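Residue numbers (this note's numbering): 51 to 160.
Dropping the structure here:
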């Protein structure tokens, strides 16, 4: 799962919309329809995901019945957030990202 999230973060760094979109679950892909729309949403709404200055993988947990990887991200503005990556196993056994929520990381900044 860490490799999937890191792969998507790396794709965002390269502005590789197709690769980033490929790490998303079928539901997320269906919501956004195209790689260009998806990366545009991330660019506008998730700057710490789109251009993190720091990435630290935390624990794996179950949140609301969903397998969730917590990741500490330092955004381009130096503010730290905790990203909750909801993961979904596909029929072929591959893991895909099925959503991401950003939470404040109290007392953390770069």
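For each residue, glycine too, the CB sits at the ideal point set by N, CA and C.
Source: prediction; values computed, not measured.
{"Item": "Sufficient close CB pairs (3 or more, under 8 Å) joining the segment 104 to 113 to the segment 88 to 96", "Value": "no"}
{"Item": "Span separating the alpha-carbon of residue 48 from that of residue 140", "Value": "The chain is shown only over 51 to 160; residue 48 falls outside these bounds and no answer can be derived."}
{"Item": "Check whether residue 154 and residue 131 have beta carbons under 8 Å apart", "Value": "yes"}
{"Item": "Neighbour-count burial assignment, residue 102, 16 or more Cβ in a 10 Å radius", "Value": "buried"}
{"Item": "Residue range of the alpha helix (DSSP H) that includes residue 81", "Value": "76 to 82"}
{"Item": "Residue 103, DSSP secondary structure in three states", "Value": "coil"}
{"Item": "N-terminal and C-terminal residue of the alpha helix (DSSP H) that residue 116 is part of", "Value": "Premise fails: residue 116 lies in the beta strand (DSSP E), 116 to 124, not in any alpha helix (DSSP H)."}
{"Item": "Reduced DSSP secondary structure (H/G/I, E/B, other) of residue 127", "Value": "coil"}
{"Item": "Closer than 8 Å to chain B by CB, residue 107", "Value": "Note that chain B does not occur in the displayed structure, where there is just one protein chain."}
{"Item": "Reduced DSSP secondary structure (H/G/I, E/B, other) of residue 60", "Value": "helix"}
{"Item": "Within 8 Å, strictly: CB atoms of residue 136 and residue 99", "Value": "no"}
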